[in-house]
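Take any residue in the sequence shown, note its place counting from 1, add 1479, and you have its number in the numbering used here.
We treat Cβ as the ideally placed atom computed from N, Cα and C, and that holds for glycine.
Here is the structure we will look at, set down as structure tokens.
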Amino acid sequence: MDFLVIGGTGYFGRSTVEQLLAAGHNVAIFSRGNVRPPFWEDIEHIAGDRDDPQVLRQQLAGRQFDGALDNQCYDRQEAQAVVDALQGQVGRFVVASTVSVYGEGGHAKGRHTVRQPLADEERFAIDYRSLEPVHETDLDSRSQSWEMRPHLSEYGEGKRQVERVMLEAEDWPWIVVRVPATLGPHDPSGRFAWWLTRILDGEPILLPDGGTLAVQLGYSHDLAQFLVRLLEDGPVRNIYNYAQHELPQLANWLQVIADAAGKPLNTVSVPSSILHLATQLPWEEWSYAPFSYCPLLMSVAKAEAEMGLGFRTSLREWVQTTVDSYLADPESLSSAKHADQRPAEVEFAKRWTTICNQLIPSLSAS
């Protein structure tokens, strides 16, 4: 089969291309060509900038593909440009969306660690405190406004617009995949590196409320395998939630990483209300503290029933693979996001430990 991948040179797009090639498919990559993975000689490169609609149309004119994947589509304009360029030329068009389209549960800009009701203006579509897990039908992006709402994340708003373009396009064979934070080797976000570097330095790591909150994650290799299945045989005009089957709590997540790295885990539990009020650490940023807001759980029952997700890798196995990839390339750890915040975290953890050690004996004496 002949497939087009827009991007495809990094992260789970790269993994998808590798798996398509391993399955014997023909793959064309549309990109600027600045990044050339090891498989470059095995693919057809179509040069162009996807942000230029005219170039997109010119370079793809007259081409026919059994399926196409776009995991770099972030707003209404990009979505409409690719629909215009490939209308009538593709059997399936798989686009990566995000859990953020569901809105609330930490994807408003005002998220924090303190457990308190969200303000009305922070709510969007679904109140997860009374509806879990969320299903694909809980959000119809066609009902959403084209206006960017300032109190919601631009990323989530952009992806909702992408979905609306897909769903409203006539005779367009779209398949939308809503994914959570997805980790694995070659992750450009610096999120996994941030957790790993803190474990490797041996200094204390702050655990809001003991690290009891959980989060739903994705693994890049398994996501790529799911995308390949959709490209090959996915029913068009369908939306699927995708995620791994395990829901690690923060304390468990860090322990799994520490075990994979062969390092002891040094953590300090602090009430989240104190962390929020007494530190300047960016607890409001998802990439810093993804385990510390109102949890969101997507149902993957539809994907399991229709496409099969039995291949998903266990948490310990994919974390081990990811840790090994970083340790084999120490320079990749320099991508760790929020590294400049580490000294402040360590300082607060040590001060909190000192205070607790002083307080506990005095309580025992009384």
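Local conformation of residue i per DSSP, three classes
{"i": "His1817", "result": "coil"}
{"i": "Ala1782", "result": "helix"}
{"i": "Pro1667", "result": "coil"}
{"i": "Tyr1721", "result": "coil"}
{"i": "Ile1522", "result": "coil"}
{"i": "Ala1558", "result": "helix"}
{"i": "Pro1761", "result": "coil"}
{"i": "Asp1549", "result": "strand"}
{"i": "Val1641", "result": "helix"}
{"i": "Asn1505", "result": "strand"}
{"i": "Pro1809", "result": "helix"}
{"i": "Val1749", "result": "strand"}
{"i": "Leu1696", "result": "strand"}
{"i": "Pro1683", "result": "coil"}
{"i": "Ala1660", "result": "strand"}
{"i": "Trp1653", "result": "strand"}
{"i": "Ala1575", "result": "strand"}
{"i": "Phe1770", "result": "coil"}
{"i": "Val1514", "result": "coil"}
{"i": "Thr1592", "result": "Interpretation of Thr1592 is limited by its pLDDT of 36, a score under 50 that renders its predicted location unreliable; the figure taken from the coordinates is listed afterwards. Three-state result, Thr1592: coil."}
{"i": "Phe1491", "result": "helix"}
{"i": "Leu1631", "result": "strand"}
{"i": "Leu1618", "result": "coil"}
Residues near residue i by beta carbon distance below 8 angstroms, same chain, minus five either side
{"i": "Tyr1553", "result": "Tyr1634, Gly1637, Lys1638 and Val1641"}
{"i": "Pro1750", "result": "Pro1687 and Asp1688"}
{"i": "Ala1782", "result": "Phe1705, Tyr1719, Asn1720, Tyr1721 and Leu1788"}
{"i": "Ser1845", "result": "Here the model assigns Ser1845 a pLDDT of 48, short of 50, so the residue's position is not dependable, and the following value carries that caveat. Excluding positions up to five away in sequence, the list is empty."}
Inter-residue spacing [alpha-carbon to alpha-carbon] between residue i and residue j
{"i": "Leu1853", "j": "Pro1629", "result": "The structure shown does not extend to residue 1853, since the chain is modelled only from 1480 to 1845, so the question has no answer here."}
{"i": "Ala1828", "j": "Asp1701", "result": "36 angstroms"}
{"i": "His1724", "j": "Ile1678", "result": "25 angstroms"}
{"i": "Thr1676", "j": "Pro1517", "result": "27 angstroms"}
{"i": "Phe1509", "j": "Asp1803", "result": "30 angstroms"}
{"i": "Leu1548", "j": "Asn1836", "result": "55 angstroms"}
{"i": "Asp1606", "j": "Arg1670", "result": "Because the pLDDT at Asp1606 is just 43, under 50, the model does not fix this residue reliably, and the point stays unresolved."}
{"i": "Gln1538", "j": "Glu1523", "result": "13 angstroms"}
{"i": "Ala1739", "j": "Thr1488", "result": "27 angstroms"}
{"i": "Ser1668", "j": "Leu1794", "result": "19 angstroms"}
{"i": "Gln1799", "j": "Leu1646", "result": "38 angstroms"}
{"i": "Ser1814", "j": "Leu1726", "result": "25 angstroms"}
{"i": "Leu1483", "j": "Gln1543", "result": "9 angstroms"}
{"i": "Gln1568", "j": "Pro1769", "result": "40 angstroms"}
{"i": "Gly1546", "j": "Val1644", "result": "18 angstroms"}
6 angstroms Cβ shell around residue i - same chain, five flanking residues per side excluded
{"i": "Thr1746", "result": "Ile1684 and Leu1686"}
{"i": "Gln1734", "result": "Leu1744"}
{"i": "Asp1481", "result": "Asn1505, Phe1544 and Asp1545"}
{"i": "Met1627", "result": "Glu1636"}
Cβ-heavy atom distance, residue i to the ligand ZN, below 7 angstroms
{"i": "Gly1541", "result": "Of ligands this structure carries none, so the ligand ZN is not represented either."}
Cutoff 7 angstroms; reference residue i; Cβ partners in own chain excluding five residues on either side
{"i": "Trp1831", "result": "Val1747 and Val1749"}
- In the stretch 1699 to 1746, which residue ranges form an unbroken alpha helix (DSSP H) of at least 4 residues, counting only runs that do not cross its ends? Within the stretch 1699 to 1746, the runs of alpha helix (DSSP H) that reach at least 4 residues and sit entirely inside it are, in chain order, 1699 to 1712 and 1729 to 1740.
- Evaluate the contact criterion for the stretch 1647 to 1658 versus the stretch 1711 to 1718: three or more CB pairs, one atom per stretch, below 8 angstroms. Yes, since at least three Cβ pairs between the stretch 1647 to 1658 and the stretch 1711 to 1718 fall closer than 8 angstroms, the two stretches touch.
- Query: Does the stretch 1811 to 1823 come close enough to the stretch 1747 to 1766 to have 3 or more Cβ pairs within less than 8 angstroms?
  - Reply: Yes, since at least three Cβ pairs between the stretch 1811 to 1823 and the stretch 1747 to 1766 fall closer than 8 angstroms, the two stretches touch.
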